[in-house]
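Working notes, structure below.
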Amino acid sequence: MSKFNRTLVTTALPYANGPVHIGHLAGVYVPADIYVRYLRMKGDDVLLIGGSDEHGVPITIKAKKEGVSPQDVVDKYHNIIKDSFEKFGISFDVYSRTSSKTHHETASEFFKTLHDKGEFIEKTSEQFYDAEANQFLADRYITGTCPHCKNEKAYGDQCESCGTSLNATDLIDARSAITGNKPELKETKHWYLPLDKYEPHLKQWILEEHKEWKPNVYGQCKSWLDNGLHPRAVTRDLDWGVPVPVEGADGKVLYVWFDAPIGYISATKEHTPDWEKYWKAEDSRMIHFIGKDNIVFHCIIFPAMLKAEGSYILPDNVPSNEFLNLEGDKISTSRNWAVWLHEYLEEFPEKQDVLRYVLTANAPETKDNDFTWKDFQARNNNELVAIFGNFVNRALVLTHKYFGGLVPEAGELNDFDKETLAQIPVLKAEIEKNLETFHFREALKVAMNLARLGNKYLADTEPWKVIKTDEDRVKTILNISLQISANLSTLMEPFLPFTAEKLRGFLNMDRIEWADVTADALPAGHQINKPELLFEKIEDETIQAQVDKLEATKVANELENRVATPVKENINFDDFMKMDVRVGTITEAEKVAKTKKLLKLTVDTGIDTRTIVSGIAEHYKPEDIIGKQVSVLMNLEPRKLKGIESQGMILMAEDADGKLAFVSPEQAVAAGSEVR
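The UniProt record's numbering numbers the first residue of the sequence shown as 1 and each following residue consecutively.
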């Protein structure tokens with residue numbers, strides 16, 4: 001890293017068709033923020049660039065669904081996303097948007113530069129067209145069955161189930177997402193970037209010069225390169241996006257995967273007039289933080305674009321993470337199966353760092369991982385509260401109790417004291433090594449080991465006992481404990497910035513810069529403030545509320561996607577006429593002893609009063625259904641249930657979630673009325 005004088009860090013641009021969720025955070029934004037905060041604390045020249053991706057088909061699909069314009073959609077979600085990031089502490093130097101004038105101008109200029117250099121291939125090809133909608137179908141407007149994993153809801157550019165990149169023509173039984181019709185193939189002209197032209201360069205640059213890239217990134221790139229690259233369209237038939245800035249391109253816009261990464265450039269332009277030194281100087285380093293579904297675009301397509309343009313540097317590293325699942329299921333915006341950041345911030349006020357901690361400790365760095373609310377609770381209570389918070393609280397409370405909140409002067413150190421203090425620079429070096437190689441989960445574990453070290457030191461030295469016989473020894477113990485606490489406020493800051501600031505408030509100190517971490521951070525006689533709890537325990541009922549919320553989402557999805565059971569085999573009219581269904585009135589109801597589901601009902605059928613045992617106790621209370629008119633199958637052969645003879649059946653409708661409802665007349669009728 002010493003050859004670089006500045007670092008440009010970009011984060012994948014989230015689509016402005018929905019809020020940010022924990023999958024986005026774990027995959028991209030938390031690790032990027034950790035890394036940038038670390039570099040800033042070292043005094044490096046670094047920019048963190050982000051923004052909303054406001055073009056592409058997901059935006060137009062959302063607009064059609066909500067009955068508003070695409071601009072309305074992106075305005076709404078850009079503001080939600082930007083506000084959420086700010087409150088969560090993602091420390092962007094600039095967070096822009098691709099609908100901005102600067103971006104449209106930058107993307108257009110980039111395209112024209114390549115066009116004027118003759119870098120594009122113009123060709124006419126057959127693409128899917130929806131005759132009823134009277135438009136060509138961009139990739140995300142086409143759904144069908146993935147040829148690889150047989151997922152029936154794959155898109156025309158990618159299967160979100162197996163992650164495979166696709167062409168729309170690869171799909172089995174392709175359908176228009178607009179009308180549901182089978183699309184036809186129709187000729188249209190587009191501009192293509194000849195990736196095959198850059199294949200030799202990309203092979204040398206990636207496979208030979210960047211073997212240090214993470215295995216998932218290197219492996220996916222190698223697979224693409226081994227299979228051979230082909231020209232890829234950089235324009236689309238669509239009315240939302242950056243218009244293609246050449247003649248004969250009416251009704252066409254830049255393909256979102258050509259347009260979006262240029263957003264990093266336009267955002268940097270907005271931030272500083274010196275933007276070119278970050279993008280074009282050889283002593284600048286560029287790093288892309290992305291999810292695994294964006295690897296190809298950031299490691300092959302965007303570098304090919306930059307190489308074709310000719311004046312830009314290429315990324316030095318692309319530390320991509322795998323996916324984070326939620327409670328054993330893939331996170332999905334369309335299914336509302338997610339923990340949304342803006343909702344978390346409302347429901348867990350002042351607990352930004354708890355989520356940052358959990359997402360980092362469980363980061364999907366080498367494989368897909370699973371977020372569960374029980375694990376979230378356990379990590380907060382058993383690690384942040386019981387280890388980090390407990391150590392700091394004990395050190396500060398004892399200092400106030402024994403020495404009025406003044407940092408006591410350390411006396412002569414014994415071997416255990418020296419061994420403990422010697423661990424600080426060792427742990428700091430381990431954190432640095434892991435951060436600089438993008439192993440954030442391990443870096444956090446090492447940082448927590450400093451809190452564990454402090455906890456063990458206090459437990460082993462027992463100052464609350466020693467104070468009775470040796471006050472000077474307690475001064476040394478608490479001095480060392482406070483030095484560890486002070487260093488924690490720095491070494492933990494990249495991971496837990498709100499906690500670090502809170503801890504510095506307790507210690508009444510300014511930030512210690514990274515290079516100044518030392519075993520002698522607080523001078524003797526320094527006055528510390530009275531501490532509060534650094535973290536608080538999260539109770540079971542809080543977690544259960546979140547689990548219930550997800551369960552309600554699952555039920556809602558099942559109801560929305562419910563497919564009615566197939567019609568049973570035909571019966572003849574004579575068989576149907578044998579059924580005697582009449583309206584009856586429930587006059588008495590009680591639970592059947594030692595059962596969960598059964599109610600014993602007394603029903604006035606207009607012909608007689610009979611007993612019917614019905615499995616509805618989980619859906620209705622006995623006292624609530626007295627007087628209810630119901631449909632009764634009268635001539636069903638009696639049978640005994642729990643020793644009670646049931647003389648008929650109450651007809652019920654069952655919803656997709658298993659909820660039962662009476663089949664009743666819409667207005668009162670005489671008991672015994674026939675149902676025909």
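We put the CB at the ideal spot given by N, CA and C, even for glycine.
Compare the C-alpha of residue i against each of the options and name the closest.
i    : options                : result
G144 : F128, A133, E347, E132 : F128
L193 : K117, K153, A154       : K117
D624 : M652, D608, E590       : E590
Q135 : Y218, E152, G251       : G251
H201 : L306, A249, R175       : L306
E309 : F111, L550, D540       : F111
G405 : F120, L396, K101       : L396
F498 : D655, Q483, F535, T106 : F535
V9   : V630, N317, V517       : N317
I525 : P531, L238, K211, N508 : The sequence given here places Gly at residue 525; Ile does not occur at that position. Checking every option, the nearest Cα to that of G525 belongs to N508.
T179 : L137, G219, F348       : L137
K394 : E513, T461, A378       : One point to set straight first is that residue 394 is Arg, not Lys, in the sequence displayed. Residue T461 is the option with its Cα nearest to R394.
E199 : E212, N227, Y312       : N227
P319 : C221, T235, N414, E346 : C221
N635 : A521, G43, A670, I650  : I650
N380 : I543, G67, H298        : I543
D139 : G56, D44, E86          : G56
V392 : E551, L324, G643, Y457 : Y457
Using the Cβ count rule (16 or more neighbours within 10 Å means buried), how would you classify residue i?
i    : result
N390 : buried
S646 : buried
D157 : buried
L326 : buried
V581 : buried
V385 : buried
K597 : exposed
V244 : buried
K65  : exposed
L496 : buried
L114 : buried
F88  : buried
V426 : exposed
A443 : buried
L185 : exposed
F302 : buried
Skipping 5 residues on each side, what residues in its chain have a beta carbon closer than 7 Å to that of residue i?
i    : result
K659 : H619
K153 : T143
T372 : E327
H24  : P14
V675 : V581, R582, V583, S631
Inspect the beta-carbon positions of residue i and residue j and report whether they are closer than 8 Å.
i    : j    : result
G584 : T605 : yes
L207 : L229 : no
I300 : W224 : yes
V613 : L641 : yes
N455 : D283 : no
F289 : V46  : no
I22  : V217 : no
T102 : K277 : no
W275 : Y312 : no
L345 : S84  : yes
Please work out which residues of its chain come closer than 8 Å, Cβ to Cβ, to residue i, disregarding the five sequence neighbours upstream and downstream, and give them in chain order.
i           : result
R441        : T360, A361, N362, A363, E365
D510        : R504
residue 722 : Beyond the ends of the chain as shown, which are 1 and 676, falls residue 722; an answer cannot be given.
To which residues does DSSP link residue i through a beta bridge?
i    : result
D370 : N325
D75  : The partner list for D75 (beta bridge, DSSP) is empty, contrary to what the question assumes.
T553 : Bridge partners of T553: none, in fact.
M577 : DSSP output for M577 lists no bridge partner at all.
V583 : S631
H21  : W340
I142 : S176
Y15  : D53
T124 : K189
T169 : Bridge partners of T169: none, in fact.
Among residues of its own chain, excluding the 5 on either side of residue i, which ones have a beta-carbon nearer than 6 Å to its beta-carbon?
i    : result
M1   : Residue confidence is low: M1 scores 43 on pLDDT, short of 50, so the model does not pin down where it sits. No coordinate-derived value is stated.
M492 : A447, A500
A267 : I49, G51, V94, S96
E54  : A16, V74, R97, T98, S99
I80  : P19, H342
Comparing the CB of residue i with every heavy atom of the ligand ZN, is any distance shorter than 7 Å?
i    : result
W340 : Absence of the ligand ZN is noted for the structure shown, with no ligands found whatsoever.
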